[in-house]
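Reminder that position 148 of the sequence shown reads as 138 in this note's numbering, one-by-one numbering, no gaps.
In this text, a Cβ means the ideal position worked out from N, Cα and C, and glycines have one as well.
Remember, predicted model here, so these are calculated numbers, not experimental data.
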Amino acid sequence: MKKLISKLFDYFKRNKSTIFLIAILVSLAIPLRFKNLGYSDYHGDEYKAFLSLNNGETAWNFLLRQRKGPMQFIVSYIPYLFTGNFLNETAERLPFSIASTLSIVFFFLFVKNITKSKLMAFLSSLLFITNGFISGFGRIAQYQNLNLLFSFIALYLYSKIIDQPLSDKRSLKISLLGTFFWCLSVLSHWDAILVAPIVMFIITKSFLKGKENRKATIKVLLLNITLGLAITLPYIIPYTVTFSFYERNLTYATARIGLDLGYSKIPLYKALTELYNPFLTLPLLLISAVVGLISIKKSFPMLIWFGVVFGFFEIFVKNPGTHFYNFLLPLIILAGIGLGSIINLHIVTKILYAPIILVLVSFLYFQTYVLYVDHSVEYPFVNKTLKVKNYLRPKKDIINLVAKGIKEIKPEYMRGSYIPLFGFTHHRFWNEVNDLVNNLNQTNNENFKYITNEDKSIGEKYMDTKYGVEGGFYAIGIKRPMNFVMDYRFINYGSRKLIYSFVQNNKVVTVIYRFEPRVVSNTLK
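Written out as structure tokens, the structure is:
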């Protein structure tokens, strides 16, 4: 025990500056990841992250018919063991937000190893923390957080051997551990393969350093490949076979992936990036990334990573959704390298530009907090303005903003597409709506169904009664719903009675109407 304590003490003593920087990053991340975590109802694909078995279905069969790996279903089941209820938003999101916070730690360590610069790693991590996609994902129960955590643990471990021959015993252990975590990332979502360019760069560099002992080096590679296949194939093989039996899965896959030449999706990337990161973020990232190319030795691996993934999306991804955040990751690191390069140029730049960069990053942090944590106004459903001389004024009509970007790509994308919204504040009292309808049905000895102007899949996750208009039913009107179907008064359904209104921030956001069963006359003339 004394030896262990002594080793820990020595470790902290040797790495106190690194630990101090990590402590700052985690402290900054905690409010963005955990404050008001349970405010929003489930949206996006959150409701798809839970183990929901059909009658007589086994958990294994359920996992095989999903479009994603099993990790998010396993992780989301942990809170369920304690609450017995998947509809506890705070509990279900908590492990994913923890994963998001931990991913920041390993992101920092990875960038520090690959750039040999704590400053560049720290600046990259600040941009990572405040990025709208990362913050939005960090507040929902979904696979992205697991992908990021496991991928960055793997990249951190691989980066520890970048300057060592693969044939070293220490390299073998570290590389196998890295492969293990990369496999966990693959089993979280297939996006994990998109870190392959930087993994290949690291492995290749380490491989070349072991040229004097090629047999041992090749042995290490084969052991890593064997471990990777041993972990992933027992799931991927039956998954692939099962996947092909579900027509909806095949339709989904062909709509997402396939040779897609002839146009660029850059307008869409820009529109969605500005939706999640309005005003300052995108110009700062792009300008700083270009500056980062000055330090070509440090930025070259990120440039390869960015170029390969960006090219993949441009050529092979028909419908990127928000998955293109995968090529924003190397862009963020390039931007961190650029900001660090500016500061490191000269003592004058340290004095001049360090405070400016601090102010810019502080603004990004404030912006992210306002958009994803503060819910006095629910961006992007209403125009949200920062209370600092109105510097931030996102577009009032987000639908037009994104639809414009989509139209500039090609009309086919409009069909069946939707605006991917994740992590934004949006509370419409669905748990309370369900309780109220259940109580009314029980009190009146009825079995009224319900309809809603909100996306049907969201209502189905919360409501115990069935969806439909047969007989009497309740209409759940959602003001500013996630699907942007704004007609929430149901005037075309005939006579209705307002049962209850839910108020948020002094405004009605949800209403419940009662529609009586229609009386059909059977009188013969």
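Judged by beta-carbon spacing, leucine 174 lies beyond the 8 Å limit of isoleucine 333, meaning their Cβ atoms are not closer than that value. In the three-state DSSP reduction, tyrosine 503 falls in the strand class (E or B). C-alpha of lysine 255 to C-alpha of glycine 461: approximately 47 Å in a straight line. With a cutoff of 8 Å on beta-carbon distance, phenylalanine 463 and lysine 487 are scored as not near each other.
In this structure, the CA atom of leucine 275 is about 40 Å from the CA atom of glutamate 450. The beta carbons of glycine 413 and tyrosine 362 sit closer together than 8 Å. Per DSSP, the continuous alpha helix (DSSP H) segment holding leucine 167 begins and ends at 159 to 176. With at least 16 other beta carbons inside 10 angstroms of its own, glutamine 62 counts as buried.
In the displayed model, threonine 442 falls within a strand according to three-state DSSP. Scanning its chain for C-beta atoms nearer than 7 Å, with the 5 sequence neighbours on each side dropped, one finds around serine 285 the residues Ile327, Ser331, in chain order.
Between serine 366 and the set Ile119, Lys497, Ile409, the nearest pair of CA atoms involves Lys497.
Under DSSP, the beta-bridge partners assigned to alanine 465 are Ile441, Tyr503. With a cut-off of 8 Å on Cβ pairs, the region 11 to 30 is in contact with the region 81 to 94, counting three or more such pairs. Minimum Cα-Cα distance from proline 21 among the listed residues Phe112, Pro69, Gly128, Trp50 corresponds to Gly128. Three or more beta-carbon pairs drawn from the region 433 to 448 and the region 463 to 476 are found closer than 8 Å, and the two stretches are therefore classed as touching. The bridge partners DSSP lists for valine 372 come to none. Taken through DSSP and simplified to helix, strand or coil, leucine 488 comes out as strand. Taken in chain order, the complete alpha helix (DSSP H) segments of 4 residues or longer contained in the region 68 to 143 are 79 to 105, 108 to 120, 122 to 127. Shortest Cα-Cα distance from tryptophan 180 to any of Thr216, Ile226, Ala13 involves Ile226. Note: lysine 497 is bridge-paired with Gln494 in the DSSP secondary-structure output. With respect to phenylalanine 296, leucine 272 sits apart: the two C-beta atoms are not nearer than 8 Å.
In this structure proline 507 is exposed. Its beta-carbon is surrounded by fewer than 16 other beta-carbon atoms within 10 angstroms.
Shown here, valine 307 sits in a strand according to DSSP, grouped into three states. Cβ contact annotation for leucine 167 (same chain, cutoff 7 Å, sequence separation greater than five): Leu147, in chain order. DSSP, read as helix, strand or coil, puts tyrosine 236 in coil. For isoleucine 247, DSSP records a beta bridge to Val307. The Cβ atoms of tyrosine 355 and leucine 18 sit closer than 8 Å to each other. Assignment of beta-bridge partners to tyrosine 457 by DSSP yields Tyr440. Judged by their CB atoms, alanine 89 and leucine 139 are nearer to each other than the 8 Å cut-off. In terms of Cβ geometry, leucine 156 and leucine 219 do not form a close pair [threshold 8 Å]. Per the Cβ contact rule, the region 241 to 255 is in contact with the region 299 to 317 (3 or more Cβ pairs under 8 Å). Within the same chain, and ignoring the five residues on either side of phenylalanine 371 in sequence, the residues whose Cβ sits closer than 6 Å to its Cβ are Arg470.
Taking serine 161 as reference, the option from Ser141, Phe123, Leu213 with the minimal CA-CA separation is Leu213. The C-alpha of tyrosine 457 lies about 36 Å from the C-alpha of valine 176. Contact annotation: isoleucine 323 and serine 196 have beta-carbon atoms that are not nearer than 8 Å. Nearest neighbour of lysine 58 by Cα position, chosen from Tyr242, Phe112, Ile119, turns out to be Tyr242.
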